[in-house]
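S.K.:
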């Protein structure tokens, strides 16, 4: 998949998760950051659909899959502006 670039909003979510920020998914299909409760539902849902992040257990926390880590590696030349 190295022939295409990951869109910057998706890359930003993956980079924040790798940095240590916690993404929460609730039972209604909404995704938000644990620290500031800011929602990022469309971007996170696209990452789930592509198989780059998944939910750990029943507490709602999300984690990066091996494919997601590969995408971060492919896109390492592009650095998102992290808040």
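Residue numbers (the numbering used here): 27 to 109.
Glycine included, each C-beta is placed from N, C-alpha and C at the ideal position.
1. Three-state secondary structure (DSSP) at residue 99?
2. State yes or no: is the C-beta of residue 44 within less than 8 Å of the C-beta of residue 108?
3. Cutting at 7 Å between CB atoms, please list the residues of its own chain near residue 93, excluding the five before and the five after it.
4. Which one of 31, 38, 51 has the shortest CA to CA distance from residue 81?
5. What's the call for residue 61, buried or exposed, on a 16-neighbour Cβ count within 10 Å?
M.R.: Based on what the coordinates show:
1. helix
2. no
3. 77, 78
4. 51
5. exposed
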